[in-house]
Amino acid sequence: MRRHLAIIAGSLFVASLLAGCEKRPEPAVDRDALTQQAQVEHQALTEAREALDTRVTGALDDAADQVREAIEEADDIDEATFEFED
Numbered sequence: 115m116r117r118h119l120a121i122i123a124g125s126l127f128v129a130s131l132l133a134g135c136e137k138r139p140e141p142a143v144d145r146d147a148l149t150q151q152a153q154v155e156h157q158a159l160t161e162a163r164e165a166l167d168t169r170v171t172g173a174l175d176d177a178a179d180q181v182r183e184a185i186e187e188a189d190d191i192d193e194a195t196f197e198f199e200d
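The numbering used here applies: residue 115 is where the sequence shown begins, and numbers increase by one.
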C-alpha cells in the first residue's frame, strides 16, 4: 500500500511539473514587414555608403591636385635656382 501511495504521489508530482512546462504560444511575427524593413535599412546604408564614397573620392582628388601643384612649384623653384650660364 505504501508503495502504491509513493507511485501515485510521484506521478502527481511529475504531472504537476509537466503542467507547468506547457508550450507557450509563440508571438506572431510579420516576416514580410521585417523583410521590408531590412530592405529599407539596407538601401539607406547603401545610399549613405555611396555618398561617403563620393565625398572621399572628391577629397582624395583634391589632395592629389594639391600635391601635383606643389611638385610643379618645387620643380620651377629648382629650375630657377640651378640655372647655369655657359
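Glycine included, every Cβ here is placed at the ideal spot set by N, Cα and C.
Just so we're clear, the structure is a prediction, and the values are computed from it rather than from any experiment.
Can you grab the Cα-Cα spacing for the pair Gly-172 / Ile-185, in whole Å?
Here residue 172 refers to the residue found at position 58 of the sequence shown. Here residue 185 refers to the residue found at position 71 of the sequence shown. Their backbone Cα atoms lie some 20 Å apart in a straight line.
Under the three-state DSSP convention, the category Asp-144 falls into
Here residue 144 refers to the residue found at position 30 of the sequence shown. Note: Asp-144 maps to coil in three-state DSSP.
How many angstroms separate the CA atom of Val-128 from the CA atom of Arg-116?
Residue mapping note: residue 128 aligns to position 14 of the sequence shown, counting from 1. Residue mapping note: residue 116 aligns to position 2 of the sequence shown, counting from 1. When the Cα atoms are used, Val-128 and Arg-116 turn out to be separated by approximately 18 Å.
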